[in-house]
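Engineer: For the sequence shown, this note's numbering assigns the number 13 to the initial residue and increments by one for each residue that follows.
The C-beta atom is built at its ideal place from N, Cα and C for all residues, glycine as well.
The structure is given below, and queries will be raised subsequently.
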Amino acid sequence: MDACASITIIFPNRLLCQLVYNVLLPETRTPPSERRVASVDVKGNLLLLFIRADSIAGLRALLNAYIRWIHLASQIALEFSREDEDNG
Numbered sequence: 013m014d015a016c017a018s019i020t021i022i023f024p025n026r027l028l029c030q031l032v033y034n035v036l037l038p039e040t041r042t043p044p045s046e047r048r049v050a051s052v053d054v055k056g057n058l059l060l061l062f063i064r065a066d067s068i069a070g071l072r073a074l075l076n077a078y079i080r081w082i083h084l085a086s087q088i089a090l091e092f093s094r095e096d097e098d099n100g
């Protein structure tokens, strides 16, 4: 049984969205197995994530991994932008 998820994440700006997309893209090109596949796309400030797995458990695992990567990349980018603002 295939399980699928499609998620759209709205970013505050296109630059942050593109940055997160660039972080995720290599992961989509080398999937962990043929049983779990992910793809990402960008439309303006929207990040589109599509995941397909052969089971609900596989879908959940891959979805959790991508959500963590998105969160981490976003937090790092925001922290660097704050430092740039503080430094002037």
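#1: At the 7 Å Cβ level, is I21 part of the contact set with chain D, yes or no?
#2: Can you check which of these residues, R80, V35, F23 and A65, is closest to N57 by C-alpha distance?
#3: Evaluate the contact criterion for the region 24-40 versus the region 65-76: three or more CB pairs, one atom per stretch, below 8 Å.
#4: Return the chain-ordered list of same chain residues with a C-beta closer than 7 Å to the C-beta of Y33, the five sequence neighbours on each side being excluded.
#5: Taking 7 Å as the cut-off, decide whether the C-beta atoms of A15 and L71 are in contact.
Structural biologist: With the structure as the only source:
#1: This model lacks chain D altogether, as it is built from one protein chain only.
#2: Position 45 of the sequence shown, counting from 1, holds the residue named residue 57. Answer by Cα proximity: F23.
#3: no
#4: By one-based count along the sequence shown, residue 33 stands at place 21. For Y33, where only same-chain residues beyond five positions count, the Cβ hits under 7 Å are V52, V54 and L59.
#5: Translated into the one-based positions of the sequence shown, residue 15 becomes position 3. Translated into the one-based positions of the sequence shown, residue 71 becomes position 59. Yes, these two residues count as a Cβ contact at 7 Å.
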